[in-house]
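Read the structure below first, then the notes.
In this note's numbering, the protein residues as written are 844 to 910.
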């Protein structure tokens with residue numbers, strides 16, 4: 844999804860302000876980080892996982908964003 848797009852299941856008026864893949868040291872992508880804005884302000888962050896083999900946590904997301 845492109846930044847600024849609507850995201851299904853969010854509050855009315857919320858948009859994805861930014862997104863980034865979560866990458867492991869092996870280069871795998873077990874999930875992504877979505878940052879939402881609402882009313883011109885950053886509203887919340889979601890860490891999404893689509894891997895049954897790699898546990899995705901806030902720590903995993905932080906290491907991916909701040910190596």
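Even glycine gets a Cβ: it sits at the ideal position worked out from N, Cα and C.
Taking 8 angstroms as the cut-off, the beta carbon of residue 893 is found closer than this to the beta carbon of residue 874. Inclusion of residue 899 and residue 877 in the CB contact set at 8 angstroms is not warranted, their separation being larger than that value. Taking C-beta atoms under 8 angstroms as the contact rule, residue 857 and residue 879 qualify, at a distance of about 5 angstroms.
For residue 905, DSSP assigns no beta-bridge partner whatsoever. In the displayed model, residue 868 falls within coil according to three-state DSSP, outside both helix and strand.
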